[in-house]
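The structure appears below as structure tokens.
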Amino acid sequence: MAKTKKPISSVTDSCAGPTPVPKGYNRTEPGIIGMNADQMVAYNIAKSFCNVYPEVFNLPLLAKKLNITAEEAGTRIRRMLAKHEIMLVNNPQVNVSGYGLFYWVVKLKADASPEARAALTKWFQENDQICTGYPMMAGGEFDYFNGNHMRNLDNLISGVLDKFRYRDCIEWVHLCPIRRLIRESHVNQFDCHADFRHYFFPAEQVTKLCRMQKEMDAIDFGIIETLNNYEHPHEMFDVSVLARLSGLDADKMAKDFDYTVEQVRCQVPMIYFNYASLGLKMRFFLVDFFPSTLTDAGEQVIDELASRPEWVNIFDFGDAQHNIILSAYDDLNDMDELRQLIRSHSEVMSIREAVSDHQFRRWTCRLDADSGMWEECVMTDDLFVDRTLEDDFSHIVASREEDTSR
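Right, here's the structure in full:
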């Protein structure tokens with residue numbers, strides 16, 4: 035007798051219990067805490083000191099796992115930080131803090147000039163309200179994939195989208211609200227159905243990447259993997275060092291890390307690998323299901339795709355022109371195989387592809403090292419702000435004046 039596939043509603047999340055389907059735009063809030071709560075201080079201390087004192091990371095654990103000395107581990111971390119190959123980042127679960135997570139895809143007209151593209155790229159890079167973004171290289175089927183944390187859609191549309199989407203060089207802008215944030219920067223996020231906060235970078239990809247360049251070796255990537263795949267959240271750091279540097283209690287900081295990450299799941303501290311620093315390119319697959327696809331069936335497709343470790347990013351959209359976007363490194367994967375994997379699902383109607391060679395920002399942290407703005411971060415908030423009342427429609431005229439395509 036053939037086995038029947040279990041519905042997603044019976045799949046148990048490794049930390050939070052059964053997850054209902056369809057998921058919607060929120061999750062249960064089991065005593066969520068504010069971003070300014072004292073339990074969040076431990077991460078802020080680590081972030082403040084890590085670039086100067088790499089020993090805030092768990093160097094003894096790295097020494098044990100990788101068969102190197104703690105001193106060598108610290109030296110390697112300091113080098114990777116200085117060369118902008120890695121960054122300590124924090125993914126907050128913004129939707130339980132009163133935000134929506136809204137991404138959007140931009141397509142330029144076929145006759146858009148290089149000058150128009152450059153002007154728009156500069157505007158995206160320098161706009162502090164855009165917290166995450168990927169510019170695509172010319173020739174793809176779309177040109178930008180950017181995102182915002184916003185309190186409401188009206189503020190996003192009036193405060194950001196309307197200020198650029200009327201430029202003559204733009205063909206369309208499609209808004210993609212995030213239904214589930216499944217994986218970002220190799221790490222499974224809050225809305226995965228299994229392996230919460232697991233870091234995925236297949237060994238064969240690491241081996242191939244080590245052969246392609248000489249900046250980073252297998253031990254460097256082992257450091258990233260070990261720090262991201264901690265068993266308990268506080269094990270990413272050496273809380274005794276954090277206590278010495280801050281004057282706070284080490285045991286309390288360890289408990290705070292475990293509480294905020296594992297119990298209330300409001301943050302995921304992680305080591306971000308800056309793929310652009312090694313010249314890697316990331317291919318994005320923007321996927322549309324047939325309109326008749328039931329939500330439950332679509333979510334099963336997404337979760338089956340998410341079982342593969344090749345994907346660096348996986349975003350599940352709701353109430354959008356598109357259903358999902360996935361990305362993988364062009365140079366380290368068989369793209370025909372991944373393309374066929376997506377098309378093997380009968381629910382898939384179409385795929386648009388584009389390739390990115392760098393990111394604008396990552397959760398507000400700037401990644402443009404050449405400008406001297408690396409890691410500069412502005413956490414914007416539209417609380418108590420009605421951006422539909424700002425400037426009337428003068429920004430539409432201004433955006434046309436900034437367009438240099440004509």
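The numbering of the sequence shown is the working numbering, which starts it at 35 and goes up by one.
Quick reminder that beta carbons are idealized off the backbone N, C-alpha and C, glycines included.
Can you tell me which of the three DSSP states residue i falls into?
{"i": "Ile102", "result": "coil"}
{"i": "Asp350", "result": "strand"}
{"i": "Cys411", "result": "strand"}
{"i": "Pro211", "result": "strand"}
{"i": "Glu205", "result": "strand"}
{"i": "Val135", "result": "Checking the sequence, you will find Leu at residue 135 rather than Val. It is a strand residue."}
{"i": "Val55", "result": "At Val55 the pLDDT is 46, less than 50, meaning the model places this residue with poor confidence and gives no usable figure here."}
{"i": "Thr294", "result": "helix"}
{"i": "Thr422", "result": "helix"}
{"i": "Asp322", "result": "strand"}
{"i": "Arg113", "result": "helix"}
{"i": "Gly15", "result": "As displayed, the chain neither begins before 35 nor continues past 440, which places residue 15 out of reach and without an answer."}
{"i": "Pro169", "result": "strand"}
{"i": "Phe255", "result": "helix"}
{"i": "Ile191", "result": "helix"}
{"i": "Ile164", "result": "coil"}
{"i": "Ile67", "result": "coil"}
Tell me whether residue i is buried or exposed, calling it buried when 16 or more other Cβ atoms sit within 10 Å of its Cβ.
{"i": "His266", "result": "exposed"}
{"i": "Glu424", "result": "exposed"}
{"i": "Pro236", "result": "exposed"}
{"i": "Val194", "result": "buried"}
{"i": "Lys355", "result": "Before going further, note that residue 355 is Gln rather than Lys in the sequence given. Counting Cβ neighbours within 10 Å, Gln355 comes out exposed, since fewer than 16 surround it."}
{"i": "Met246", "result": "exposed"}
{"i": "Asp337", "result": "buried"}
{"i": "Thr38", "result": "Summary for Thr38: the model assigns pLDDT 40, below 50, so the residue's position carries little reliability; its value from the coordinates is reported in the next sentence. Looking at its Cβ environment, which holds fewer than 16 other Cβ atoms inside 10 Å, Thr38 is exposed."}
{"i": "Met250", "result": "buried"}
{"i": "Thr109", "result": "exposed"}
{"i": "Leu401", "result": "buried"}
{"i": "Asp225", "result": "buried"}
{"i": "Lys156", "result": "exposed"}
{"i": "Ala146", "result": "buried"}
{"i": "Leu328", "result": "exposed"}
{"i": "Ala252", "result": "exposed"}
{"i": "Gly58", "result": "Any reading at Gly58 must be qualified, since the residue scores a pLDDT of 49, below 50, and its modelled position is unreliable; the value itself is stated next. Gly58 is exposed by the Cβ-count criterion."}
{"i": "Arg377", "result": "exposed"}
{"i": "Phe307", "result": "buried"}
{"i": "Leu243", "result": "buried"}
{"i": "Gly181", "result": "buried"}
Tell me, please, which residues DSSP counts as bridged to residue i.
{"i": "Tyr233", "result": "Val221"}
{"i": "Tyr306", "result": "Met121"}
{"i": "Val140", "result": "Tyr178, Val207"}
{"i": "Met184", "result": "Gly134"}
{"i": "Glu360", "result": "Residue identity differs from the one stated: residue 360 is Leu in this sequence, not Glu. BP columns for Leu360 point to Phe319, Ile348."}
{"i": "Pro126", "result": "Gln301"}
{"i": "Phe83", "result": "According to DSSP, which records beta bridges pairwise, Phe83 is partnered with nothing at all."}
{"i": "Phe91", "result": "Phe271"}
Under 8 Å Cβ to Cβ from residue i, same chain only, skipping five residues before and after it: list those, please.
{"i": "Asn124", "result": "Tyr77, Lys81, Gln301, Val302, Pro303, Met304, Trp397"}
Near residue i, what residues of its chain come up, given a Cβ to Cβ distance below 6 Å and the 5 sequence neighbours on each side ignored?
{"i": "Glu344", "result": "Ala362, Asn367"}
{"i": "Ile392", "result": "Contrary to the premise, residue 392 reads as His rather than Ile in this sequence. Answer for His392: Ala310, listed in chain order."}
{"i": "Gln239", "result": "Leu366"}
{"i": "Asn85", "result": "Leu115"}
{"i": "Ser192", "result": "Arg421, Thr422"}
{"i": "Pro126", "result": "Gln301"}
{"i": "Pro88", "result": "Gly108, Ile111, Arg112"}
{"i": "Asp93", "result": "At residue 93 the sequence reads Leu, which differs from the Asp that was named. Cβ neighbours of Leu93 beyond the five flanking positions: Ala104, Ala107, Gly108."}
{"i": "Asn189", "result": "Asp416, Arg421"}
Among residues of its own chain, excluding the 5 on either side of residue i, which ones have a beta-carbon nearer than 7 Å to its beta-carbon?
{"i": "Ala277", "result": "Asp283, Ala284, Met287"}
{"i": "Asn262", "result": "Val221, Tyr233, Met304, Ile305"}
{"i": "Leu95", "result": "Thr260, Glu269"}
{"i": "Gln73", "result": "Ile67, Asp290, Tyr293, Thr294"}
{"i": "Asp364", "result": "Lys315, Met316, Arg317, Val389"}
{"i": "Leu142", "result": "Arg151, Asp177, Cys203, Ile204, Glu205"}
{"i": "Met413", "result": "Thr398"}
{"i": "His183", "result": "Val128, Tyr133, Leu135, Cys165"}
{"i": "Glu409", "result": "Met121, Cys399, Arg400"}
{"i": "Asn357", "result": "Val321, Asp322, Phe323, Gly332, Phe351"}
{"i": "Gln159", "result": "Phe394, Asp402"}
{"i": "Arg386", "result": "Glu175, Phe176, Leu320"}
Return yes when at least one heavy atom of the ligand NAD lies under 7 Å from the C-beta of residue i, else no.
{"i": "Ala331", "result": "In the structure on display, the ligand NAD does not appear, and there are no ligands present to speak of."}
Ranges of the beta strand (DSSP E) found wholly within the region 373-406, counting only runs of at least 3: 382-390
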